[in-house]
Amino acid sequence: MMALSNSLQSGQAPMLCQMCEESNEIKWKCLQCDFLLCTKCQQLHQKVKSTDQHIIIDIKDITTYQHDVNDQPDIINTPCSVHNGQNCCQFCKTCEEIICSLCFLQAHNTHDMIGLAKEYELTLEAVNNFRTEVEENILQIEKGLSKLDIRKTSEESLYESEKQKILNRERTLKNEIEMHTQNLLMKLDHRREYFKKSVQNEENRSKKLKKDLEIRRESLDHTLKQNNATEVFNIFKQERELRADSKQRIAPVNTRIKGLPQYVPEKQPILMSQHGVLTELGDKEQYKFEFQVLQQFKTKFIVVENLVCCEDGTMWINNNVANKLRKIQLKKGSEPVQILKKLKAFVFSMALLPTGDLLISSKTDALQILSKATGEIKRSIFSFAPLLTLAVHVTKANQIIVGVREKWRTISSQWS
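Residue 403 in UniProt numbering sits at position 403 of the sequence shown; the count goes up by one each step and never skips.
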């Protein structure tokens, strides 16, 4: 077709329409018939029932179309599984299968039909949605497993705490309540084992479900990469059947497992019946945490607005009002901090890079970098002009997340 275009431009004898064989004003090409058509024949071609689903393109767009088609599966040349030598050209929505023209005449002429390319586009979109759904389910399970892990740690800590309370109470009541103490410990141990078994069962179930979902994701990814229409239709049916089966529905990770009871000592006179009981904790009480200040360190700043910890145990702190940036060292038992480096700089937000350099946002159009090697602050390559930088953060995956401002709006930008 490029040769055709070149021949028309160079003044060579023009080709005739391959249908009427009269007009030399060739402007179209039917990809299924491989015919060059004039406008009149192109319109007629689209009105014929046997060819109304054919793909006809402008000859000027052939190069662009071929480039796009290289990244698409060969839907046009999908062989018919019933009639040898025939290619499928339509999709029967009634039977949910791809068919050729002979299939249509023999068994599908009264069925609901749709063009093969259009149905493939819709099915591919559905398969991509399936893949997204599976990915979201995996993420939810991972979040649930993470919560279960936190619960295990918390319950183990609670177990040790409650056990110690019981033992302390035992010492107070001495020998006369020893049997009652052992009974309480046995109940607590039983509840602990029940909790651990419940968590283990839920972990096993969730991990198996995650593994199954990962296999489905790999299958979906493999199908999407193959660009094979038959495989796409097959996996679409499989995924839809799995979603229709109530036994295959994705159950979220159950993190609301009944936890350990809390030991509450009685304040009545020391009697066997007043040793204490195990009481159930509500959901809010189970997730209640208490923080304790272990040590305080003093700086000369009125307010420490940012704090960044380095791998060697040193820290960077700053105060915006005074435009002061300090590198400090904390020493156990020493209240005043040890100042290692003093710099004058306005720092709105800062984060540590994997190289040890300090990434600084000063509410300008670009981030700055404090070099670990030279100790100098210079403008970085991370420019967001005409926006102004706000908060900056470096993730565990070494991605840089920057908040930027445009007038009264705040948006987020991410670099990796």
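Glycine included, every Cβ here is placed at the ideal spot set by N, Cα and C.
Buried or exposed (CB count within 10 angstroms, at least 16 for buried), GLY276:
GLY276 is buried by the Cβ-count criterion.
Strand pairing of SER349, partner residues [DSSP]
SER361
Can you check whether the CB of ALA345 is closer than 7 Å to the CB of ASP365?
no
Best match in PRO252, ILE75, ILE328 and VAL347 for proximity to GLY313 [C-alpha to C-alpha]:
ILE328
Between the Cα of THR374 and those of ASP357, SER383, LEU307 and THR389, spot the shortest distance and give me the residue it belongs to.
Closest by C-alpha distance to THR374, out of ASP357, SER383, LEU307 and THR389, is ASP357.
Excluding sequence positions up to five away, which residues of its chain have a Cβ less than 8 Å from the Cβ of VAL392?
SER349, MET350, ALA351, LEU359, ILE360, SER361, LEU367, ILE400, ILE401, VAL402 and GLY403
Beta-carbon spacing of PHE91, GLU155 below 7 Å
no
Taking DSSP as the reference, what is the three-state secondary structure of GLY259?
coil
Using the Cα positions of GLU406 and SER383, report the straight-line distance between them to the nearest angstrom.
Taking the Cα positions, GLU406 is about 14 Å away from SER383.
Nearest-angstrom Cα distance between ALA244 and ILE114?
24 Å
Measuring CA to CA, which of GLN238, GLN296 and LEU325 is closest to VAL308?
LEU325
For the beta strand (DSSP E) holding CYS92, just list the boundary residues, first then last.
90–92
Grab the span of the alpha helix (DSSP H) containing MET179 for me, first residue to last.
178–226
For GLU214, tell me which candidate among SER157, PHE236, ARG131 and ASN228 has the shortest Cα-Cα distance.
Relative to GLU214, the option among SER157, PHE236, ARG131 and ASN228 whose CA is nearest is ARG131.
With which residues is MET113 paired in a DSSP beta bridge?
CYS92
Taking only three categories from DSSP, how would you classify HIS108?
helix
As a quick exercise: from VAL82, GLU119 and GLU218, pick the residue whose alpha carbon is nearest that of LEU105.
VAL82
Can you give me the start and stop residues for the beta strand (DSSP E) that PHE382 sits inside?
377–383
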